Every structure is written in C-alpha cells, then in structure tokens.
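Shown next, in structure tokens, is the structure this report addresses.
2 protein chains.
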Amino acid sequence: MKWFARVDVSERKASKTKIKDEMERWGGRLFIAKILTNEVPPTCEPLGRYNKLIIASGLLGDTPVTTSGKISIGGKSPLTGGIKESNVGGFAGKRLANLGIRAVIIEGLPRKPGTDMLIINSKGIELVPVPELRFKLVSDTIKYLRTHFGNDIGIFCIGPAGEMLMSGAGIASPDNNDIQIRYAARGGLGALMGSKGIKAIVVDDSNSKYKPEYFDRELLTRISREIIDDLKDDPKTENRHLYGTPAIISLANKSGLLPTKNFSVGQFEYAEEISGETIRKVIAERGKEGRSGTPCVPGCFIKCSNVFPDKKGKKIVASLQYENIIMLGPNCGIGNLDDIAEMDNLCNEVGVDAIETGAALGVAMEAGLMKFGDAKNAKDMITQIGKGTVLGRVIGNGAYITGKVLGVQRVPVIKKQGVPAYDPRALKGNGVTYFTSPMGPDHTAGNAFETLKTTDPLGIEQQVENSRRLQVRAAILDSFGLCIFVRPAFVRNPEFLFQVLKGRYGWDLKIQNVLDIGMEVLKTERKFNSLAGVSEDSYSMPEFMMDEPLPPTNSRFDISLEKMKSVWDIKQEIF
Amino acid sequence: MKWFARVDVSERKASKTKIKDEMERWGGRLFIAKILTNEVPPTCEPLGRYNKLIIASGLLGDTPVTTSGKISIGGKSPLTGGIKESNVGGFAGKRLANLGIRAVIIEGLPRKPGTDMLIINSKGIELVPVPELRFKLVSDTIKYLRTHFGNDIGIFCIGPAGEMLMSGAGIASPDNNDIQIRYAARGGLGALMGSKGIKAIVVDDSNSKYKPEYFDRELLTRISREIIDDLKDDPKTENRHLYGTPAIISLANKSGLLPTKNFSVGQFEYAEEISGETIRKVIAERGKEGRSGTPCVPGCFIKCSNVFPDKKGKKIVASLQYENIIMLGPNCGIGNLDDIAEMDNLCNEVGVDAIETGAALGVAMEAGLMKFGDAKNAKDMITQIGKGTVLGRVIGNGAYITGKVLGVQRVPVIKKQGVPAYDPRALKGNGVTYFTSPMGPDHTAGNAFETLKTTDPLGIEQQVENSRRLQVRAAILDSFGLCIFVRPAFVRNPEFLFQVLKGRYGWDLKIQNVLDIGMEVLKTERKFNSLAGVSEDSYSMPEFMMDEPLPPTNSRFDISLEKMKSVWDIKQEIF
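So the protein lines, in turn, are chains A and B.
In terms of my numbering, the first sequence has 35 at position 35, counting the first letter as 1, and numbering is strictly consecutive.
In terms of my numbering, the second sequence has 1547 at position 547, counting the first letter as 1, and numbering is strictly consecutive.
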C-alpha cells in the first residue's frame, strides 16, 4: 500500500499522499496511535473539529496472509475520551488495500449539517451528499448502496445511533453478500463518523492499477502457507471453526465468570441453552440460511463465524458471537437464543456496540426500568435507540451514561466503557487488562481467558504478567492487521513475525524489533491517554467489583491498583 | 467551635472529636480540602462508599462578624469528579456553630436503601428513619420538619433530585421562617447527600452549653463593627441592598456577556424587563409578601436578598438571583420575570442547581426538544426532574449529560460543569477562573465582573492576573466563612483579616500568613483534582467558545490554555 488519504469534511476536499520514511512501519493500530498523538490535541472534544477518524490497514493488509483483511478504525473515543482502536472484518479492508491505500484520515467538521457518503475508488476520493440515507437503518443503508454500486464494493457505514452522536455507536462493515455484518463496535467510533457527517464509505477497487510489490513473494507465500499449516495442527482451530467464539460459553459459565444480571452473579441457569454447542445444533437443525464455519474476511482460513437463522431458516443475525450473546443474554437475564439473536440484530440495525448496549440494558434493569429477563422490553429499548427517543438515546450512550441518568451505583464500567463478558472477579487477568489497557475494558486488548488452565483465575499471582504478555501480543497483531485467532501460530513460531515482514517489505528485523512495534503502540497510546487525562492514574476499578463477592466463587477483585500499574515495568518474555 | 463530628451511615453511628493542633486552622473550604485530600481516594466513585460529605463552618462561624453564618458543604463532586466546595446561607450554619461543632463528616453507604434524617442537638447526633419523606419536594420536607421540631432549628435537606442521585442536585438551607430557600447548589452535592441515604439534617441548638471563648472579645467586636462601618461607606453596599445580585443585569447585558439562547449571543432583547431595577419595582408594586433587602443569614448587615411575589403578592421564590435569572431566563430565551421565578422555584422544590439546570435546558432547546423561549415546556421539564421521568433525570444530571444524551455539540461546560452566567468570551477573566479554578466553572471562585471597568474584558491582558487575585481572595473568604459581598472591606483594610483571627483565636498572624491560608486551599484542592484526573491539564475550554464569535462583541475566547495554566506561577500582590 503506497498512500494514505486525507479527507477534510469542512472543505469537502481529499488528497492522497505517498507513505514514506518512518510512516512505512505504521500499520493499523500503530498508524492510529501515531496520527492521533501527532495531530490531535488530547483534550479536544471527541465530536469536535479537532478529532480525526482514522481507518488504517495493518502492515499485511495487501498480502495473502490469512485474516489480513481485518482493518483498524480509531480516533479519540467519544465514550472514554481516550484513544480508541477497534478492528473489524468485512470486505472493505481488503478493497481499500487493493487500491493501494493504507489509511484514510477524516478530519474537520461539516460546515452545514448533512448526510454524505465518501466514495473511494481508483479515480479519486469524493464526498457525495445522500440526504435520502439520513437516519436509515444499517440494512437499508447497505441495500441502497448495493442498488447504486452493486456487490463489488466494500462498505463502512453507521446507523442512526452514529448519526445521533451516541457514545455507544459503532461502524458496520459487511461482506460482499451482506450476510456477515461486522462491527468496529467499541468506543463510540460510529458517533465520531457521524460527527463528520459521513453515513457511509464506499470502497470501489475496480480498475485499480495498484499491485503490491512484495520484496520476496516466495518467502511471503511460504510463510503464509506455514501459518495455515501450523493452525491446521492446532485443535483450537477446529473448535473455533465449528463453534466460533461461543465455543467458550460452557467453560466460562463453569468457571463462574459469566456476567449475569448486571454482573451480580457469575453463572447463568440457562447457560447450556445458549452455548456454542447448542448454537451449532440449532443452526444445523434449522438449516436453510443458517451456517456454521463461515468467514468474516476474504481469505480467512479459520472461518469461525455463523449465520443464526430463525425457526423458518431465515437469517436473524450473523455472526452471533460470545460477547454479544453474554452481554445481551445472561447479563440481562435472558436465556433464549432467538431473543438474543434478535436483540443482536437490532443492535446491528440501529448501529450500536452490542457489548456496550448489553451493559447499558443490564444497568437499566438494575434501575427497575424493566425486569431481568424481559426480552420484549429490552428489544423495544434497542429499537428506541434507532428512533432517538430520550430513553433510546440514554441506552445508546452506553452503560456509564445510563447509570448516571438512572441513578445506579453498581455500574460495570471502567473509564466510562462497559466491561465485556468476562467478570474480572473470576478472571483477574482480564481485570488487569481492563484497567491498564489504553483501550480501557476491551477483551481483545489482552484476553486472559486462555490462561484459565495455567493460572488460577481467582488468584492474584501471574495476572499482571499474563495481561502484559497478552497486551503486547495483541498490539503487534493489531498493527499487522491480523485476527487474534491466528496468534497461536506466531506464538509457536515467533520467527513468522519478522519473516512475513521481510517477505512483504524486505525489512531485516529481529524478534526484538517486532516486540518494539507492540511496545511502541502501547507507549504511544498511553502517552495520548495521559495527556487526555484518562490514564490509569485517573481511574479505579468499579467499586462494587472490589467490595461484592461474586457467586458462586465469591471472589472479589483484589489486585491493587498499584500492582496493576506496575504492568509496564515488568521484564518478561513475550514470545 | 470545639468539635468536629463523624457520622458513619453504614454503622449508623456518630462521634464527636475535639479539634486540635493543625486542624484548628482549618475552616470551611480549607477543612473540606484537607479532609478530602487526607481521607478520600481521589479516584473513588463520587456516589460510592469512599466519598465523604463534609459540612464545615468557617473560622469565624461562631463570631458576630457580619455574614459569618455562611457554611461550606463539600466532597468529591458527582458532577465534575473533582473536589467541590459550595457555600450557603440559611440559618443552619449558625446553629451548628452554636452547638460548638465546626464540621460534620458523613461517610460510608447505607447497608439498606432508606431515607434518614440526621439529628444534631446538644444531646448527640443520631440517624432516624423517615420513610415518609421519600421523594418529597423540598417545601414539603421543610414543612414536615417544622411540624415535628418547630422553627428554632436549622435545616439542610435535599429534594427528590438528590435522592435520585442526579448530578445537578443541590442541598437546601432555609431561614427560620422558610422564606429564603438557599442552596449549596453547584457540583451535585445533593446527590452525594442522597447517596448517604440522608434526606434532611436537623440542627437543634437549644440547650447548647457551648459558648465560644474569644481570645479578645473587645478586638473582635471592634473589628466586626469596623467592617460594617467600612461597608456602609461603600456605594456598592447600598446598591446590593437595594437590588441584590440582579443589580448587574443591565451592565452585563450592555457588555454583551449575558448568556443568551445557549450561549449563542451575549445580549438579550428583554434584558431590561428582567433587570435588578425592574425586579425592585415589581416587588414594590406587588407588595404583600414581596420584599427587597432581606438577609439570607442571621446577622447579615448587607441584606441583598429578595422575595419575589406573584401578581397577588404571594411569594413565588426567594431569593431571585442573578445567576438563576440569567441561566433560566435569557439562556433559555425566556424574558418574563414570573416565568423565571416559577422556574427558579421549581428548581428549589425538586432540589437542583438552577445554574446547571438552566444550562441543561438551554442545551435541550438547542437539541430541538422545545423552542427557545418556551417557558411552559421548560417548567414541565423541571417538574419532570422531581418525578424522575427519563427526560427529567437527563436534565437533572446537568448540561454535560444532557448534551451527551441529546447529541449536542455546543455544550457550555468545563470539566462537565455548566458555565455560569458570564460568557467568558466577553469577560475573559472569568474564562480563566472557570478553566483554572479547582471548582471548575464557578463564578464565586473568582468573579472578574468587578474588573469590567479597569480591564478590557475582551482583551487578554491582565485576565490571568485578575483571576488569580480573585481566586486567592475567594479561597480566604470561603475559609473564614464569609460572604463575598463583605470582601471590599477586607480589600480596603487587609489588616482586618488577621485582626479578626487574633480576636477570635489569639493567633498572631501577618497578612502573608492569611494569604498562605488561601494558597493552601487552592494547592490542596489542586492536588486532589490532579490525583482525580481532573486538573486543568485534562481539559480544554468549550471549543465553540474558542471558535464562534459571540455577538454583539464578536469576541472569541482566545487566551491560550498554556497562558491560563501559568496562573499559579505569577507573583503579585493579592491585597
């Protein structure tokens, strides 16, 4: 990828600049961290003229390495006020890479309120007004774009939640057939896109003359194949293919870490009825549009996604994933898969993060707005987000605002962001990640679930070390543009990390240089957060998690803030 | 005052401790700053078990010095997340001092939700359940207490907004006849009191055996008299007595600094119809319960308050003040005094800060929930705060939350607190105070309105110096427990400052020692804020105030953040 693009929505102008020098090494998450730190005042208003929405492919974005179609989207978060990178599947990432564009930086504020689409193709980049798309649901938005542009384009778009600047809004990215609707969900980046007046981004790579010049095509192809061969031998890969992220529901429940009824319990009575195994069975029974083991990005070898159908075999939502199931399901006391799938689809339609929305609904239930388990009212509330009722706007702004408005004292947020579906009291390594990651509580930033069998999840030993290792690895993969599910291949063969870069770019790196990329991501992000006043020094863990024992383990979160803050001073092997 | 009290609402226990050593010098605002910094973790949840509600008389609380009945209330603010001290008139302050109690520290969280009153009398301190007061309006709450305790008690109480933990909630403090309802309004301290389960505090000083032992009664009496004599000669005092705080409306309007229609203009077409002169005239015409020139604390010599009556002469609200008039009036495009008085009374009844609520209503109007000038709907929204509807809860949480929920980008807040009724673009010294005061945007922390004639309010010269001088003076007076309106006497005669302390306590201080008290207040508060992540390093000014010119002066706020941050490094004379 040779260029990065700038779009100034105030002037309605765009430009393309060749990537050179130091910037060559900035991929995905690192690109976002660098641009934000260099160009955006840390204390600026997230929805104001100084913030920038940055879309950036990873370093491997234009390679055949499996899962390399994932793309990073970021900016100063409207939810946390700190830096946010959220990466997403779908097909737009690869198409942007096919145009030779590594990144798009969207800046300024529209002079007049309006609804634009940003068209990026081989001829150029332009903003085109589409007032007819104002406040349209995501599926209607995509349909409109398909009618005008066909299926051979990539799409990023927002729902009404993003247009209404809600802090829980995400950015959708469908596949070519609009079956998988993936989300750069966390941190309110949909509101940031909405603040720029952009409803949709169309990436049309037809007639692109860009061809990536691989330094050593043979090496790159060989390592790509070796990554797949390695993954093939890993039983986890097959498990992920068959059951996807919901594979872990039973174990999470057994471990007592499943957020249930606004994080008041760690086990859910209907956990088996919503487990990965049950989902696979139901999909197989219902057939027709239902699918297990489908990909979310072109060229993915693992194919962990599903298409969850209703009783007639018609798709409700794709993909039904662990986080969304748990936060919309058990966390709201809801144990029926169809209800959960419908709620998840409604989140996709109005354009909000299902994790944040599930956390907000749990808080609304704790406030007594409806009972735990009341799926009917929960669906109505998500629908209200899209309609922009006052209640809908409260929920659509996430758990923190919902808690403030409804006067709830037990609110599962850190740095104003909803805690994802691993209660940190029963998986303390994740508590460390939630508290210390520059992303705030985000399971993809360093998920300690994989340490469940090697580290006592209720103990305080090794949790900080585990979190650090996982955070550095995640930062590297997020800068390469790869899915976290290919990581085991790199952990087993760390040399793959510099070999793929050698094949793609010709860089002679050692493992330490690759580690330095990960550390630079974290260091740059932490610098931004510190200047924005949202470093870990300004926050605590949710007090109820430190004070209330979590049944059935009756564990409290008891790793001290000081110990967690030491995470960056530890010396340890990462690979 | 010999003791301070601790009330632990978890254990439902209270104790009294003798004040000694260093603590002897902690009055009012300094007492709050010290306790908060020493005992409350800066990153704790404001409505959680680690925060403390602190009520503290000033150093002169038990002296006859005029206005010394004002009392400070503070804690970690549910609105800003930083330190908050809010001082208030009413008669409870003096009664607490009569009991010899300088301060009450309320800590812990109730084990079960409930509604208590805290009774403080010569026999002791106890919590008594009053479930019958749950969600009662402020006037009904006071009526209930009068029925049970009569008029010879002091009262602090909250309305339903505080019980529902809204960040805009304040703490009411009436006079003996419940005519003046004064508020420790800013910073959401009503929610902090609500979180402790305390609906009302009854201060019964009957049978108190405490008699203050003045070191030099003669000196104290003489200086007290000299302060009054000095003020008598100041034409400002007479002006304040006649017109109260609304005296400045005409000049503020003429200067183009009057927040109008959500801070979009600096002048209001109906300014003369709501001016101090008009108010005095209307009160005189309507007669009966109407009053100008009444006191809010016992022993006040200035008596700047009013009682604003309806057309039949029945009190609507007391006192109708500058800030409330402007934020509920012009800032909402409302120019009718009766409407404004009714809105102000509704704020008092539900128990919210009228400044914060006026700012929130302006934001709601900008969002299109109602039109500017729509007093009927504005009143309905304040009523909804008391009823706890979702919209009411949004407004009751203040301008920041209202802006977030309704997706408004022009929100007049700094550190999440609504900007008071002096647009900083046309009175730049106040911008410096709003940005740099540990209190956030709070006009009482250092109001540069008095510099209007000596410093160009649109220029950047001297604004930082002015703000610093005013902030230090305010910090001293807030620790003495005096009203800002007696300040001119001390500015003209700085020796009064150490002479009153000598008379009361026998301390041999120099003016520098008194200045050190002010500086220690600010230093301690800034330390707390810094550790809480809400120092000025973490914030900016509202971007629209830096970008949008304010008609008619077309001034932008253009003092750089860096220049403002230098406020504490300046060397200058304070008196």
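Even for Gly, the Cβ is constructed at its ideal location relative to N, Cα and C.
Just so we're clear, the structure is a prediction, and the values are computed from it rather than from any experiment.
For residue i, the first and last residue of its enclosing beta strand (DSSP E)
{"i": "residue 204 of chain A", "result": "198-204"}
{"i": "residue 379 of chain A", "result": "That residue, residue 379 of chain A, is in no beta strand (DSSP E); its alpha helix (DSSP H) goes 375-387."}
{"i": "residue 1017 of chain B", "result": "1013-1018"}
{"i": "residue 187 of chain A", "result": "Where residue 187 of chain A is concerned, there is no enclosing beta strand (DSSP E), given that its DSSP letter is neither H nor E."}
{"i": "residue 1365 of chain B", "result": "Careful: residue 1365 of chain B lies outside any beta strand (DSSP E), inside the alpha helix (DSSP H) at 1354-1366."}
{"i": "residue 1305 of chain B", "result": "1305-1309"}
{"i": "residue 1149 of chain B", "result": "Unbroken run through residue 1149 of chain B is the alpha helix (DSSP H), 1138-1149; no beta strand (DSSP E)."}
{"i": "residue 100 of chain A", "result": "Taken as a continuous stretch (DSSP letters only), residue 100 of chain A belongs to no beta strand (DSSP E), as it is neither H nor E."}
{"i": "residue 432 of chain A", "result": "Careful: residue 432 of chain A lies outside any beta strand (DSSP E), inside the alpha helix (DSSP H) at 428-436."}
{"i": "residue 129 of chain A", "result": "124-129"}
{"i": "residue 1085 of chain B", "result": "1083-1088"}
Limits of the unbroken alpha helix (DSSP H) element including residue i
{"i": "residue 347 of chain A", "result": "337-350"}
{"i": "residue 1544 of chain B", "result": "1543-1547"}
{"i": "residue 1225 of chain B", "result": "1217-1232"}
{"i": "residue 1530 of chain B", "result": "1511-1532"}
Own chain, CB closer than 8 angstroms to residue i, minus 5 neighbours either side, in chain order
{"i": "residue 269 of chain A", "result": "335"}
{"i": "residue 1009 of chain B", "result": "1106, 1107, 1108, 1109, 1110, 1116, 1127, 1196, 1197, 1198"}
{"i": "residue 45 of chain A", "result": "51"}
{"i": "residue 1459 of chain B", "result": "1428"}
Short Cβ contact (9 angstroms threshold) for residue i with residue j
{"i": "residue 1421 of chain B", "j": "residue 1546 of chain B", "result": "no"}
{"i": "residue 395 of chain A", "j": "residue 382 of chain A", "result": "yes"}
{"i": "residue 263 of chain A", "j": "residue 423 of chain A", "result": "yes"}
{"i": "residue 1125 of chain B", "j": "residue 1074 of chain B", "result": "no"}
{"i": "residue 1184 of chain B", "j": "residue 1104 of chain B", "result": "no"}
{"i": "residue 1416 of chain B", "j": "residue 1434 of chain B", "result": "no"}
{"i": "residue 188 of chain A", "j": "residue 78 of chain A", "result": "yes"}
{"i": "residue 305 of chain A", "j": "residue 170 of chain A", "result": "no"}
{"i": "residue 1341 of chain B", "j": "residue 1363 of chain B", "result": "no"}
{"i": "residue 247 of chain A", "j": "residue 258 of chain A", "result": "no"}
{"i": "residue 515 of chain A", "j": "residue 472 of chain A", "result": "yes"}
{"i": "residue 186 of chain A", "j": "residue 84 of chain A", "result": "yes"}
{"i": "residue 1361 of chain B", "j": "residue 1274 of chain B", "result": "no"}
{"i": "residue 154 of chain A", "j": "residue 96 of chain A", "result": "yes"}
{"i": "residue 30 of chain A", "j": "residue 521 of chain A", "result": "yes"}
{"i": "residue 228 of chain A", "j": "residue 66 of chain A", "result": "yes"}
Contacting residues, own chain, Cβ-Cβ under 6 angstroms from residue i (five flanking each side not counted)
{"i": "residue 1173 of chain B", "result": "1088, 1090, 1092, 1156, 1182"}
{"i": "residue 207 of chain A", "result": "122"}
{"i": "residue 1216 of chain B", "result": "1503"}
{"i": "residue 1201 of chain B", "result": "1118, 1156"}
{"i": "residue 339 of chain A", "result": "375"}
{"i": "residue 330 of chain A", "result": "258, 260, 268"}
{"i": "residue 1279 of chain B", "result": "1246"}
Beta-carbon proximity list for residue i, same chain, < 7 angstroms, skipping 5 on both sides
{"i": "residue 1499 of chain B", "result": "1219, 1223"}
{"i": "residue 1492 of chain B", "result": "1230"}
{"i": "residue 1060 of chain B", "result": "1068, 1480, 1481, 1482, 1500, 1504"}
{"i": "residue 1347 of chain B", "result": "1354, 1357, 1382"}
{"i": "residue 1552 of chain B", "result": "1256, 1266, 1267"}
Does the segment 1191-1209 of chain B come close enough to the segment 1153-1165 of chain B to have 3 or more Cβ pairs within less than 8 angstroms?
yes
For the segment 1032-1045 of chain B and the segment 1517-1532 of chain B, state whether three or more C-beta atom pairs, one from each stretch, are separated by less than 8 angstroms.
yes
Say whether the segment 380-388 of chain A touches the segment 349-358 of chain A, bearing in mind that this needs 3 or more beta-carbon pairs closer than 8 angstroms, one atom from each stretch.
yes
Three or more C-beta pairs below 8 angstroms linking the segment 1231-1246 of chain B and the segment 1132-1152 of chain B
With the cut-off at 8 angstroms, the segment 1231-1246 of chain B and the segment 1132-1152 of chain B do not touch.
Complete alpha helix (DSSP H) runs within the segment 1466-1505 of chain B (minimum length 4 residues, chain order)
1487-1492, 1495-1505
Minimum length 3: unbroken beta strand (DSSP E) runs contained in the segment 225-287 of chain A:
none
Counting Cβ pairs closer than 8 angstroms, one from the segment 553-568 of chain A and one from the segment 530-545 of chain A, do we hit at least three?
For the pair of segments examined, the segment 553-568 of chain A was found to touch the segment 530-545 of chain A: the number of CB pairs separated by less than 8 angstroms reaches three.
Is it a yes or a no for the segment 500-520 of chain A touching the segment 451-466 of chain A, going by three-plus beta-carbon pairs under 8 angstroms?
No, they do not touch.
Check whether the segment 1426-1440 of chain B touches the segment 1400-1409 of chain B, counting contact only when three or more Cβ pairs, one atom from each stretch, lie closer than 8 angstroms.
The answer is no - the segment 1400-1409 of chain B does not touch the segment 1426-1440 of chain B, with fewer than three Cβ pairs under 8 angstroms.
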